[in-house]
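A quick write-up on the structure given underneath.
Numbering (mature numbering (1 follows the signal peptide of the UniProt record, and there is no 0)), first residue to last: -19 to -1, 1 to 135.
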């Protein structure tokens, strides 16, 4: 009986050791598969990004500056501009988050009107600004996402 228990423990230990070995050839194959898969994914993402960019870009590629003219300020963090191709775009100012003053379902929030007035002082109609597009071009409301440069200020 003791021999049977010892034999079973020995077999269990051998099974455990065999299952936990680190075979280098297996690891290399896994790395090759991972490299091939990741490069395929990156290629697909680039193609998708290029297609989306061609459809949504109002003027130039991301990371570049587009000169625009302010048509009107909607609220403290949204402005309508005219692009060089004479199209108008609603632009959501990046790095700016102001209280709501013109939201269809929310009431005017504290300091929302003051934020809108301040934006109107900086970006009056006819003012020339430069837009620097974000990596993600549009938000869920269809607004163009951009850093807005006024002179040397963002």
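Cβ atoms here follow ideal geometry from the backbone N, Cα and C, with glycine treated the same way.
For residue 63, the uninterrupted beta strand (DSSP E) segment begins and ends at 59 to 63.
One Cα belongs to residue 50, the other to residue 125, and the distance between them is close to 15 angstroms. Remark: three or more beta-carbon pairs, one from each stretch, lie closer than 8 angstroms, so the segment 92 to 108 and the segment 47 to 61 are flagged as touching. According to DSSP, residue pairing for residue 48 in a beta bridge involves 111. As DSSP reads the structure, residue 74 sits in a beta bridge with 127.
Within its own chain, the residues whose Cβ lies closer than 6 angstroms to the Cβ of residue 71, once the five positions on either side in sequence are excluded, are 61, 124, listed in chain order. The secondary-structure analysis by DSSP pairs residue 56 across a beta bridge with 59.
Following the DSSP letters along the chain, one finds residue 87 in no alpha helix (DSSP H), marked with neither H nor E. The beta carbon of residue 104 sits closer than 6 angstroms to those of 51, 54, 60, all from its chain and outside the five residues before and after it, given in chain order.
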